[in-house]
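A short worksheet on the structure shown next.
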Amino acid sequence: MVQRKGEGARGKAPERARELKEKAEKIIESLKKLYPDARLELEFDNAFELLIEAILAAQESDKKVNELRKKLFKKYRNPEDFLRVPLEELERDISSVNFYRRKAKLIKKCCEALVEKFGGKIPRTVEEMVKLPGVGRKTANMVLGGAFGLPAIIVDRHVLRVSQRIGFTQEKDPDKVEFELMEIVPKENWTTFSFLLLNHGKNMCTAKNPRCEECPICDLCDSCKVKL
Ligand code: SF4
């Protein structure tokens, strides 16, 4: 994108960019009151567990993955453990989640790359994380923000939907949305912001029936049904 003189980052006029930043800060403050304990729904003890869970959670509920995790990580504590067992055994061990055959292959490939490229340790940058099979920017950011507490904009379907409704973006591509949000939200709040929107999307700003009448950010939201 060509940035014209006088335009803010990513082509937004300075006035509009400032408005969006102010709006983001107000939304963070407001949603923090509603979700004082906002975090990922996946339960994990370390970054490796979260990475494997993120792969398992594709097109599956976090609840289902949480049910599986205790038993799974008793047997598989590190990438080498996943590489040691035959594929069929791993498939059996994760067969309670959707698409388990595909996911078993992905987990194996991911663990192989983890060992070969990073000595079995989870890298701490998005650029390195996405070199792992099965890991896109969303998963990378989820691990970096969720497990390491690093600044991370996590654009899952909830964050995408709520961001569009509020009016932060008109993009549909999650990676583009991530970069837009990076310009709007202060870096120190990236992870908190992601968790808040994630919680809001799951609990109130749901896909089918957003409960705008109860929503504390209705005044700040471009799609609030109550004020339309
Ligand atoms: S006002 Fe409605 S559409 Fe906007 S964030 Fe709240 S629930 Fe979602």
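Position 108 (the sequence shown) corresponds to 95 in our numbering; numbering is contiguous. Built from N, CA and C at the ideal position, the CB exists for glycine as well.
If I measure Cβ to Cβ from VAL122 and keep anything under 6 Å in the same chain, skipping five residues before and after, which residues do I get?
A distance below 6 Å between beta-carbons, with the five flanking residues on each side excluded, links VAL122 to the following residues of its chain, in chain order: MET116.
Inter-residue spacing [alpha-carbon to alpha-carbon] between THR178 and ASN190:
Each residue's Cα considered, the two are about 18 Å apart.
Tell me, please, whether the region 165 to 174 touches the region 52 to 67 by the rule of three or more beta-carbon pairs shorter than 8 Å.
With a cut-off of 8 Å, the region 52 to 67 and the region 165 to 174 do not count as touching, because too few Cβ pairs lie within range.
Could you check if ASP206 is buried or exposed, using at least 16 other CB atoms within 10 Å of its CB as the buried criterion?
Per the 10 Å Cβ criterion, exposed.
Does the Cβ of VAL52 have 16 or more other Cβ atoms within 10 Å, making it buried, or fewer, making it exposed?
Buried is the call here.
What's the call for THR112, buried or exposed, on a 16-neighbour Cβ count within 10 Å?
Label assigned to THR112: exposed.
At a cut-off of 7 Å, is SER210 close to ligand 1 when judged by its beta-carbon and the heavy atoms of the ligand?
SER210 Cβ: within cutoff of ligand 1.
By Cβ distance below 6 Å, which residues in the same chain neighbour ALA41 in space, the five residues on each side in sequence not counted?
Here the set comprises THR126, MET129.
State yes or no: is the C-beta of ILE204 nearer than 7 Å to some heavy atom of ligand 1?
Under cutoff, so the answer is yes.
Assign ASP80 to one of three DSSP states: helix, strand, or coil.
In the three-state reduction of the DSSP assignment, ASP80 falls in the helix class, which pools H, G and I.
Could you spell out the range, first to last residue, of the alpha helix (DSSP H) harbouring GLY133?
Per DSSP, GLY133 belongs to the alpha helix (DSSP H) from 124 to 133.
For ALA194, count neighbouring Cβ atoms within 10 angstroms of its own Cβ and tell me buried if that reaches 16, exposed if not.
Answer is exposed; the Cβ neighbour count stays below 16.
For the alpha helix (DSSP H) containing ASN53, name the first residue and the last one.
That run of the alpha helix (DSSP H) goes 49 to 62.
Less than 6 Å between C-beta atoms, sequence neighbours within five positions excluded: which residues of the same chain meet that for LYS96?
Setting aside the 5 residues that flank it on each side, LYS96 is surrounded in the same chain by PRO120, each with a C-beta closer than 6 Å to its C-beta; the list follows chain order.
Once DSSP output is grouped into helix, strand and coil, what is the label at GLY107?
Coil, per DSSP.
Please confirm whether any heavy atom of ligand 1 lies closer than 7 Å to the CB of VAL149.
Yes, the beta carbon of VAL149 sits closer than 7 Å to at least one heavy atom of ligand 1.
Could you tell me if the beta carbon of ARG198 falls within a distance shorter than 7 Å of some heavy atom in ligand 1?
Answer for ARG198: yes, Cβ within range of ligand 1.
Can you tell me the Cα-Cα spacing of SER17 and PRO203, whole angstroms?
A straight-line Cα-Cα distance of about 7 Å links SER17 and PRO203.
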